[in-house]
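K.L.:
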Amino acid sequence: MRHVIARWRRGIEVARLARGRVAQRAADPDALQGFAASIRDACAAVPLVRVGGGGDGGYLLPDDFEGIRHCFSPGVDVTARFEEEIARNHGIRSFMADASVERAPLENPLFEFDRRFLGAQSDETFITLGDWVGDKLGEEADDDLLLQMDIEGAEFDVLIESDAALLRRFRMMVIEFHDMERIFERHGLPLIRAMFAKLHRDFAIVHMHANNCCGIATCRGIGVPRVFEITYLRRDRLPAGAATGALHLPHALDRPNVADTPDIAMPEIWWRA
Numbered sequence: 008m009r010h011v012i013a014r015w016r017r018g019i020e021v022a023r024l025a026r027g028r029v030a031q032r033a034a035d036p037d038a039l040q041g042f043a044a045s046i047r048d049a050c051a052a053v054p055l056v057r058v059g060g061g062g063d064g065g066y067l068l069p070d071d072f073e074g075i076r077h078c079f080s081p082g083v084d085v086t087a088r089f090e091e092e093i094a095r096n097h098g099i100r101s102f103m104a105d106a107s108v109e110r111a112p113l114e115n116p117l118f119e120f121d122r123r124f125l126g127a128q129s130d131e132t133f134i135t136l137g138d139w140v141g142d143k144l145g146e147e148a149d150d151d152l153l154l155q156m157d158i159e160g161a162e163f164d165v166l167i168e169s170d171a172a173l174l175r176r177f178r179m180m181v182i183e184f185h186d187m188e189r190i191f192e193r194h195g196l197p198l199i200r201a202m203f204a205k206l207h208r209d210f211a212i213v214h215m216h217a218n219n220c221c222g223i224a225t226c227r228g229i230g231v232p233r234v235f236e237i238t239y240l241r242r243d244r245l246p247a248g249a250a251t252g253a254l255h256l257p258h259a260l261d262r263p264n265v266a267d268t269p270d271i272a273m274p275e276i277w278w279r280a
């Protein structure tokens with residue numbers, strides 16, 4: 008699997024250099040439509056609250072924090088409004104990790120920072136999600152966790168390598184996905200689709216929001232934001248009678264990530280039944 012991931016990572020760097028152009032070996036149109044349908048099928052509409060302020064770093068989640076005591080938050084920003092708010096309102100301890108900065112952006116007794124990147128293997132610079140959770144909580148901890156992950160493209164490595172049983176320990180996950188124009192590539196789509204299928208066995212999509220930092224890539228009549236956020240709720244936590252197969256977007260609590268740039272809409276193919 009690691010050689011597949013390595014090839015994937017090299018492809019991402021090429022894609023970044025050629026951003027905005029369609030890959031020569033394009034994905035099959037029927038496969039693209041099928042992938043979009045699988046995303047819609049994973050959607051479930053539930054009430055949401057905004058956590059973390061009104062701009063970048065703020066996310067929409069279900070108001071289902073009772074019983075969650077720990078948040079894992081890889082990728083440290085210049086602020087920690089999300090972690091600060093869940094600490095203040097719910098007493099949740101946040102574990103942060105990022106080797107690109109020296110410390111957490113602010114001091115808080117409920118913050119714990121490690122200067123390492125989250126990745127597909129553990130060494131002096133990187134740590135896997137499984138090792139990180141195990142180091143902090145041990146293997147026997149049974150309380151539900153929260154994941155808030157924005158790691159600039161490394162999310163694919165992490166999610167592919169993470170065991171499904173580990174992911175099920177998280178009640179909610181907020182993940183920012185990068186370089187999503189790779190779905191238009193013949194070799195990119197199968198890997199991305201497999202990763203999402205793995206998530207959707209146990210989690211429902213309860214919100215999506217396009218990041219207005221990088222625009223929308225289009226191929227074969229399908230548009231996808233190059234960067235977007237997804238909020239996941241573990242399926243056993245879905246409210247009884249929750250409408251599935253579609254979302255209501257944009258949400259009234261959505262805010263643009265980049266304040267001085269117009270927000271962009273999530274194309275309907277990804278969320279409207």
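Each residue of the sequence shown is one higher than the one before, starting from 8 at the first, in this note's numbering. Note that CB positions come from ideal geometry on N, CA and C, so glycine has one too.
#1: Is the distance from the Cβ of GLY283 to the Cβ of ALA280 below 8 Å?
#2: Mark ASN218 as exposed unless 16 or more other C-beta atoms lie within 10 angstroms of its C-beta, in which case mark it buried.
#3: Within the continuous beta strand (DSSP E) that includes PHE210, where are the two ends?
#4: Just list the residues that DSSP pairs PRO81 with in beta bridges.
#5: Between which two residues does the beta strand (DSSP E) harbouring MET180 extend?
#6: On the CB-based measure, 16 or more other CB atoms within 10 Å of its CB, does ILE271 come out buried or exposed?
#7: Can you give me the C-alpha to C-alpha distance between GLY230 and PRO116, rounded to a whole angstrom?
#8: Under 6 Å Cβ to Cβ from LEU153, same chain only, skipping five residues before and after it: list those, please.
#9: Check each candidate in VAL234, HIS216, MET202 and ILE182 and name the one with the smallest Cα separation from GLY222.
#10: Excluding the 5 residues preceding and the 5 following SER169 in the sequence, name in chain order all residues of the same chain whose CB lies nearer than 7 Å to its CB.
#11: Taking 8 Å as the threshold, find out whether the region 117 to 130 comes into contact with the region 91 to 107 through three or more Cβ pairs.
#12: How would you call THR238, buried or exposed, if buried means at least 16 neighbouring beta carbons within 10 angstroms?
#13: Tell me whether LEU117 sits in a helix, a strand or coil according to DSSP, three-state version.
#14: Keeping to the same chain, check which residues put their C-beta closer than 8 Å to that of ILE12; ignore five residues upstream and five downstream.
P.N.:
According to the data block:
#1: The question about residue 283 has no answer, for the chain in this structure spans 8 to 280.
#2: Taking all protein chains in view, the Cβ of ASN218 is crowded by 16 or more other Cβ atoms within 10 Å, so the residue is classified as buried.
#3: Counting along the chain, the beta strand (DSSP E) containing PHE210 begins and ends at 210 to 217.
#4: The secondary-structure analysis by DSSP pairs PRO81 across a beta bridge with ALA104.
#5: It spans 177 to 184 - the beta strand (DSSP E) in which MET180 sits, taken as one unbroken run.
#6: Burial call: buried.
#7: Rounded to the nearest angstrom, the two C-alpha atoms are 43 Å apart.
#8: If we look at LEU153 and ignore the five residues flanking it on each side, its Cβ neighbours are ILE75, CYS78 and MET179.
#9: It is VAL234.
#10: LEU136 and GLY137.
#11: They touch, by the three-pair rule.
#12: THR238 comes out buried.
#13: Of the three classes helix, strand and coil, the one that applies to LEU117 here is coil, per DSSP.
#14: Unreliable positioning characterises ILE12 in this predicted model, as indicated by a pLDDT of 44, which lies under 50. The coordinate reading is nonetheless provided below. Excluding sequence positions up to five before and after ILE12, its CB lies within less than 8 Å of the CB of ALA127, PHE163, ASP164, ILE167 and GLU168, all in the same chain and listed in chain order.
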